[in-house]
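Report on the structure given below.
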Amino acid sequence: PITSKGPAQSTWKRITLNSIELFLCLLLFFDVLISYAWLGFRRYAAKRWNLLFLVILIWCTFDSLTSLFISTPFFHISAPLRSLLFIPKVSFMRRVASTMLRSLPKLSVALGIMAILTIFYSLVGVALFHGLYPSHSKNFDAFPNAALALIVLYTTENFPDIIIPDPLAEKPIATSIFFISYVCVGVFILMNVLVAVVFDVFKTTHQ
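Using this note's numbering, count along the sequence shown one by one with no gaps and you end on 249.
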């Protein structure tokens, strides 16, 4: 009896949640119809944010409908898309999103430098620290793990845990030079360059 209730409860939970989501999507469609009737097709379609809102809403509605009948849909990505529905409706979020999009050409140079720096340090890290980390922490056992660990290190989320005692005891000078130089160049210089570029675009756009 306990095992038979599990799938039934999960099915009812899935149906309930997707029904609520579908109902909310229909309410948003009603808002779109009111805006369309008030503005007309040309004025409504002239704003790209309205088209973005409509595309995301159609996808979320389609995803909710398929989730009602399919327990594991192939393209169930409406959860992260729901947050994007607020961007076309809030003026401040529209300004922030426009600033981020306009700053992409300038950010591409800094992001390219960060990618080259990450690839270089990942290769060097695998050569230096391969096999020095314990089995539960495979930071530098392979290039993908090393690249992921160094990308996270840009946010200092895994610092100083990434410098665990084993590689520091085996190669203290190389470990110190490796991580200190990466943090100085990547975190203190390149991350600040990204912030400065976004701030400069935001300032010039809204002056």
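We treat Cβ as the ideally placed atom computed from N, Cα and C, and that holds for glycine.
Predicted model only: the values in this text are computed from it and were never measured.
If you follow the alpha helix (DSSP H) that residue i is in, where does it begin and where does it stop?
{"i": "Asn187", "result": "Phe185 to Leu195"}
{"i": "Cys226", "result": "Per DSSP, Cys226 belongs to no alpha helix (DSSP H) and is neither H nor E."}
{"i": "Gly167", "result": "Leu146 to Phe171"}
{"i": "Thr247", "result": "Met233 to Thr247"}
{"i": "Leu95", "result": "The identity of residue 95 in the sequence shown is Phe, whereas the question assumes Leu. Residues Arg90 to Phe111."}
{"i": "Ser120", "result": "Ser120 to Arg124"}
With distance defined between alpha-carbon atoms, name the residue in the options nearest to residue i.
{"i": "Glu212", "options": "Phe185, Leu236, His172 and Cys226", "result": "His172"}
{"i": "Ile40", "options": "Leu190, Phe134 and Arg137", "result": "Missing from the structure shown is residue 40; the chain here goes from 43 to 249 and no further."}
{"i": "Gly228", "options": "Ile158, Met142, Arg124 and Asn60", "result": "Ile158"}
{"i": "Thr198", "options": "Val225, Gly154, Arg124 and Ala216", "result": "Val225"}
{"i": "Asn60", "options": "Leu110, Ser77 and Tyr78", "result": "Leu110"}
{"i": "Leu69", "options": "Cys102, Thr246, Leu94 and Lys89", "result": "Cys102"}
{"i": "Ala278", "options": "Gly82, Phe83 and Leu146", "result": "As displayed, the chain neither begins before 43 nor continues past 249, which places residue 278 out of reach and without an answer."}
{"i": "Val151", "options": "Phe241, Phe128 and Leu236", "result": "Leu236"}
{"i": "Leu149", "options": "Val240, Arg56 and Lys55", "result": "Val240"}
Count the other CB atoms, across all protein chains shown, that sit within 10 Å of the CB of residue i; report buried if there are 16 or more and exposed otherwise.
{"i": "Thr53", "result": "exposed"}
{"i": "Ser164", "result": "buried"}
{"i": "Leu195", "result": "buried"}
{"i": "Gly167", "result": "buried"}
{"i": "Pro130", "result": "buried"}
{"i": "Phe220", "result": "buried"}
{"i": "Asn234", "result": "exposed"}
{"i": "Asp203", "result": "exposed"}
{"i": "Ser106", "result": "buried"}
{"i": "Thr58", "result": "exposed"}
{"i": "Phe230", "result": "exposed"}
{"i": "Lys47", "result": "Here Lys47 scores only 49 on pLDDT, less than 50, and its place in the model is too uncertain to base an answer on."}
{"i": "Phe254", "result": "Only positions 43 to 249 of the chain appear in the structure, and residue 254 is not among them; the question remains open."}
{"i": "Ile62", "result": "exposed"}
{"i": "Ala188", "result": "buried"}
{"i": "Ser120", "result": "buried"}
{"i": "Lys245", "result": "exposed"}
{"i": "Phe182", "result": "buried"}
Determine whether the Cβ of residue i lies closer than 8 Å to any Cβ atom of chain B.
{"i": "Phe83", "result": "No chain B appears in the structure shown, which is made up of a single protein chain."}
Beta carbon of residue i: closer than 7 Å to some heavy atom of the ligand FMN?
{"i": "Ile161", "result": "This structure lacks the ligand FMN; in fact it carries no ligand of any kind."}
Assuming residue i and residue j form a contact by the criterion Cβ under 8 Å, report the distance between their Cβ atoms to the nearest whole angstrom.
{"i": "Arg144", "j": "Val74", "result": "Not quite, the Cβ-Cβ distance comes to about 27 Å (not below 8 Å), so this is no contact."}
{"i": "Trp91", "j": "Arg136", "result": "6 Å"}
{"i": "Ile98", "j": "Leu126", "result": "5 Å"}
{"i": "Met142", "j": "Leu232", "result": "Not a contact, Cβ separation roughly 17 Å."}
{"i": "Ala87", "j": "Leu94", "result": "Rounded, the Cβ-Cβ distance is 12 Å, inconsistent with contact."}
{"i": "Ala216", "j": "Leu170", "result": "6 Å"}
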